[in-house]
Amino acid sequence: MEDTELIENEAQREAETAQDSHALYEIKMKFLGRTGKVTALLKNMREIEADKRPAFGKRVNDLRESLERKFALLEEKLKKRELERRLAAEEIDVTVPGRRFKPGALHPVTRVRDKLVDLFAGIGFEVFEGPEIEDQYYNFTALNTPEDHPARDMQDTFYLSNGFLLRTQTSAGQIRVMESRKPPIKIVSPGRVFRSDDDATHSPMFHQMEGLVVDRGITLCDLSGMLDEFARAMFTKETKTRLRPSYFPFTEPSVEVDVSCFSCGGKGCPLCKGTGWIEVLGAGMVNRKVLKNCGIDPDEYSGFAFGLGLERIAMLKYGINNIKLLTENDVRFLAQFKD
Ligand code: PHE
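Here the sequence shown stands for residues -1 to 337, numbered as in this note's numbering.
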């Protein structure tokens, strides 16, 4: 009988030291669990005189009930405290300003490329992409620029081992297309090119877009008409083009193409250096030798080709004065090209 009182006091004391509901549960098991102290009392029943057993049994049951109530009360208190703590820890201040997501902007060179691809796709050109690592044959020889030809000096080439090189011009792609397809051919080919050249308007890596049309009866007039279309779409509706004689080994005749200054309309300003015209690309009729190199009969077919620098167009169009701005990835610069 005394044991029950001792156990009750002990349980009470221990339960009150519990810091959380888990610790309380452990204590509860120590007394009321299957191997707990209260349960152990009942196992002693046999040692008690028969006439005292009912009273003892009742006493142990009362103890069990009383402890269960106490534990339940304490557990409720602890659980409440734990919930309050958790809620306090997880509180969200809905008045804190959110993190801003700054929308990105397309790079000016990407914009120019997309615009050109759209424009040419709209008049029936397919897009062809050639490799950036080329060999001498595609970049020079097949383009009528044999070894020791002085025109190889027009472009400072990055040579790799085993006769490979970083292409200096997307014109290399002309050969790949003409080799693998029969006319009619009508492609544009945007991509990176590489030249050992470095100043405010030249960068060792830049982008070009090549255009090539080969079919029966193609003339310089077709090139000229298409260039007018290009100039109006790329710059302003009033923009005109002008062809000046030039030289490229893979075109004959070759031309340098100017557009009327879209900044001053041709009167003369700093952008066009007072001339009213701005040079934008090189072009010409595909050289008969180049057609022959690709297995196309120059007596049956003719074609024109053109190549333009995307950085140059972007710089002119957006008034960018240093090509380095295009590769520095300064967000203050890039953010200015949002629509
Ligand atoms: N490949 C020439 C260059 O990089 C441009 C060009 C292309 C000229 C096609 C004529 C025809 O300078």
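By construction, the Cβ of each residue, glycine as well, lies at the ideal position given by its N, Cα and C atoms.
- In this structure, Glu254 is the residue among Asp133, Arg230, Ser159, Glu254 with its C-alpha nearest to the C-alpha of Phe304.
- Under the DSSP assignment, Arg330 falls in the alpha helix (DSSP H) whose first and last residues are 329 to 332.
- With respect to the 7 Å criterion, Leu22 and Leu61 are not classified as neighbours on the basis of their beta carbons.
- The beta carbon of Asn59 sits closer than 6 Å to none of the beta carbons in its chain outside the five residues before and after it.
- Secondary structure of Gln153 (DSSP, three-state): coil.
- Assigned with DSSP and collapsed to three states, His20 falls in helix.
- It is roughly 9 Å from the alpha-carbon of Gly282 to the alpha-carbon of Gly301.
- Annotated three-state conformation of Ala281 is strand, per DSSP.
- Counting C-beta pairs closer than 8 Å gives fewer than three between the stretch 161 to 168 and the stretch 282 to 301, which falls short of the contact rule.
- Secondary structure at Asp226: helix, using DSSP grouped into helix, strand and coil.
- Counting of Cβ neighbours within 10 angstroms places Glu208 among the buried residues, the total reaching 16 or more.
- When DSSP reads this structure, His200 sits in a beta bridge with Asp197.
- Its chain contains Phe233, Thr234, Thr237 as the residues whose beta carbon lies nearer than 7 Å to that of Phe260, once the 5 sequence neighbours on both sides are disregarded; these appear in chain order.
- Between Asp154 and Arg193 a beta carbon distance of about 5 Å is seen, short of the 8 Å cut, so the two are scored as contacting.
- If you check the CB distance, Phe126 and Ile183 do not come in under 7 Å.
- Per DSSP, the unbroken alpha helix (DSSP H) holding Asp60 starts and ends at 51 to 87.
- In the displayed model, Arg190 falls within a strand according to three-state DSSP.
- Buried is the label assigned to Ile173, since at least 16 other Cβ atoms lie within 10 Å of its Cβ.
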